[in-house]
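I have placed the structure first, in the form of structure tokens, so that the comments after it can refer back to it.
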Amino acid sequence: MNRSWDSLETFENFLDSGGIVEPVDEMPTEYRQAVFDFIEMHANSELMGGLTERDWIPRAPGLRHKMSVIAKTQDEIGHAHLLYMVAADLQIKTRQEMMRDLFAGKSKFHNVFHYRAKTWGDQVAIAFLVDAAALVSQQAVFKNCSYGPYKRILKRIIAEEGFHLRFGEESVLRIAEGTQIQRSMFQSSINDWWWPALQLFGPDSKPNDLLLRWHIKSERNEVLRDRWIQKFVPLLQGYGFTIPDPDLRWNKEENRWEIGPIDWEPLKRTLAMGGPDSARRISEASESWEKSSWVREALEKVAT
Amino acid sequence: MRVYEVFLKPDGKEEFRHAGSIEAATDELALVLARENYARRAEGTHMWLVNRENICVSEEGFIDSNLDKPHRHNDGERVARWRKLQRNKKNNE
């Protein structure tokens with residue numbers, strides 16, 4: 002181990018030939034930073050997602066759903082744990098520094114967690130549409146990721162997200178089989194969450210995208226987004242719901258769904274921490290971190 | 021706080037495998053945290069935790085000297101050739 006490369010070019014050749022980078026390697030600074038930023042954002046998103054999930058434990062409809070939400074919350078917080086470990090090993094920020102930056106609004110997390118989940122329908126829309134969008138991107142990273150520890154930990158995360166997706170679809174089915182009130186509640190959740198979920202993939206990848214060049218991601222944003230659209234348009238329609246896109250049409254020649262133009266302004270606002278629920282989310286996360294400080298202090302005291 | 025490497029072993033034939041790492045205050049707490057983070061769905065029946073500081077790591081190139089020792093392998097070519105020859109002889113008889 003402790004490999005080093007004499008130039009960025011030889012490093013890129015190593016990556017192109019399928020090379021896997023390990024934390025002890027002397028990787029180029031730019032690569033280290035890019036991998037770190039990517040994993041930190043993923044970790045932050047798992048934590049923020051887990052906290053949203055937690056809010057629904059007392060309000061989940063029925064014991065079965067409540068138990069699933071508890072398991073999901075533990076999974077998401079667990080994923081954050083694992084990812085913060087992997088990120089910290091890159092030695093750019095400690096776990097504490099990552100927490101500090103998250104609560105100061107200085108580091109990013111996924112756009113979808115800048116919105117408020119107001120009803121159980123919203124929570125189901127998140128479990129179905131958003132978790133699936135995250136899973137589609139994670140699978141694409143996992144397939145060909147050049148950073149070893151991230152690739153390995155993604156395997157576990159993806160397996161668990163699979164459970165979440167099944168829970169999401171089961172919840173959709175139960176609402177679809179429910180009353181007219183339940184169905185219209187979920188339709189309005191789809192109206193609210195369709196575009197944010199679709200924007201999670203980001204705008205089309207630029208030709209010189211470093212994450213692609215360094216095999217951190219393996220597929221372009223627009224390809225992943227389209228894969229998700231092709232899957233979820235027929236699924237939601239199959240359950241009898243409509244997609245909030247007046248320009249949505251079936252292209253008979255190409256055998257695929259085409260959507261209308263995407264407004265990227267909402268995504269930009271969330272990236273600047275100016276989403277509809279950004280401020281409340283961050284301050285709530287920070288508050289719950291503060292409230293649990295006595296646990297960390299007690300642990301420090303018994304630390305050997 | 022210490023960092024521990026987590027190893028899990030599924031039931032039966034499989035060997036222990038590295039699962040990831042965990043930060044904890046004591047050995048006892050590390051075991052609990054590792055169980056809750058890495059083994060929530062029967063990923064293993066046995067678990068090892070190793071304090072990262074206690075891992076011996078080889079220097080770069082230390083094991084490379086063993087890469088080029090063909091005499092430690094036997095490709096079985098010579099015997100295979102002889103057997104083939106015998107088979108052909110027999111078939112021709």
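So the protein sequences, as listed, match chains A and B.
The first sequence finishes on residue 305 if you use the working numbering, and the numbering steps up by one all the way, no holes.
The second sequence finishes on residue 113 if you use the working numbering, and the numbering steps up by one all the way, no holes.
Where is the CB? At the ideal position from N, CA and C, for every residue including glycine.
Paired residues, beta bridge with residue i - DSSP
i                     : result
residue 42 (chain B)  : B:24
residue 29 (chain B)  : B:66
residue 77 (chain B)  : Paired residues: none, contrary to the question.
residue 96 (chain A)  : Partner(s): none; residue 96 (chain A) has no beta bridge.
residue 148 (chain A) : A:22
residue 251 (chain A) : A:258
residue 37 (chain B)  : B:28
residue 27 (chain A)  : A:5
residue 71 (chain B)  : B:24
Rounded distance between the beta-carbons of residue j and residue i, thought under 8 Å
i                     : j                     : result
residue 22 (chain B)  : residue 44 (chain B)  : 6 Å
residue 144 (chain A) : residue 219 (chain A) : 5 Å
residue 45 (chain A)  : residue 109 (chain A) : 7 Å
residue 139 (chain A) : residue 158 (chain A) : 6 Å
residue 122 (chain A) : residue 81 (chain A)  : 26 Å between Cβ atoms; not a contact.
residue 1 (chain A)   : residue 99 (chain A)  : Because chain A here runs from 2 to 305, residue 1 (chain A) falls outside it and cannot be looked at.
residue 57 (chain A)  : residue 124 (chain A) : 5 Å
residue 12 (chain A)  : residue 29 (chain A)  : 5 Å
residue 70 (chain A)  : residue 54 (chain A)  : 6 Å
C-beta atoms of residue i and residue j nearer than 8 Å
i                     : j                     : result
residue 131 (chain A) : residue 198 (chain A) : yes
residue 1 (chain A)   : residue 147 (chain A) : With chain A represented from 2 up to 305, any question about residue 1 (chain A) goes unanswered, as that position is not in the structure.
residue 42 (chain B)  : residue 86 (chain A)  : yes
residue 176 (chain A) : residue 245 (chain A) : no
residue 117 (chain A) : residue 235 (chain A) : no
residue 263 (chain A) : residue 230 (chain A) : no
residue 212 (chain A) : residue 154 (chain A) : no
residue 39 (chain A)  : residue 217 (chain A) : yes
residue 42 (chain A)  : residue 286 (chain A) : no
residue 112 (chain A) : residue 268 (chain A) : yes
residue 3 (chain A)   : residue 27 (chain A)  : yes
residue 282 (chain A) : residue 114 (chain A) : yes
residue 149 (chain A) : residue 25 (chain A)  : no
residue 242 (chain A) : residue 133 (chain A) : no
residue 91 (chain A)  : residue 36 (chain A)  : yes
residue 169 (chain A) : residue 129 (chain A) : yes
residue 265 (chain A) : residue 204 (chain A) : yes
residue 201 (chain A) : residue 135 (chain A) : yes
residue 46 (chain B)  : residue 304 (chain A) : yes
residue 174 (chain A) : residue 240 (chain A) : yes
residue 75 (chain B)  : residue 35 (chain B)  : no
residue 50 (chain B)  : residue 69 (chain B)  : yes
residue 279 (chain A) : residue 271 (chain A) : yes
Residue i: CB within 7 Å of a non-hydrogen atom of the ligand NAD
i                     : result
residue 181 (chain A) : For the structure depicted, the ligand NAD is absent and the ligand set is empty, with no information on it obtainable.
Item to check | the stretch 65-85 of chain A in contact with the stretch 150-164 of chain A per 3-pair CB rule at 8 Å | outcome: yes
Flag this pair as touching only if the stretch 27-42 of chain B and the stretch 86-99 of chain A have three or more C-beta atom pairs under 8 Å; answer yes or no.
-> yes
- Query: Quick one, which residues of the stretch 32-47 of chain A are near chain B if we go by CB-CB under 7 Å, in chain order?
  - Reply: none
Closer than 9 Å between beta carbons: that is the criterion. Which residues of the stretch 81-98 of chain A meet it against chain B? 82, 83, 85, 86, 87, 89, 90, 96
So does the stretch 23-36 of chain B actually touch the stretch 63-82 of chain B, counting three or more Cβ pairs closer than 8 Å? yes
Interfacial residues, the stretch 132-161 of chain A to chain B, with Cβ spacing under 7 Å
154
Short-range partners of chain B found in the stretch 165-188 of chain A, where Cβ spacing is below 8 Å = none
Contact residues within the stretch 69-92 of chain B, judged by C-beta distance below 7 Å to chain A: 80
In the stretch 29-42 of chain B, which residues sit with their C-beta less than 9 Å from some C-beta in chain A, listed in chain order? 38, 39, 40, 41, 42
Could you run through the stretch 57-69 of chain B and flag, in chain order, every residue whose CB is less than 9 Å away from some CB of chain A?
57, 58, 60, 61, 63
**Asked** According to a CB-to-CB cut-off of less than 9 Å, which residues of the stretch 223-251 of chain A neighbour chain B?
**Response** none
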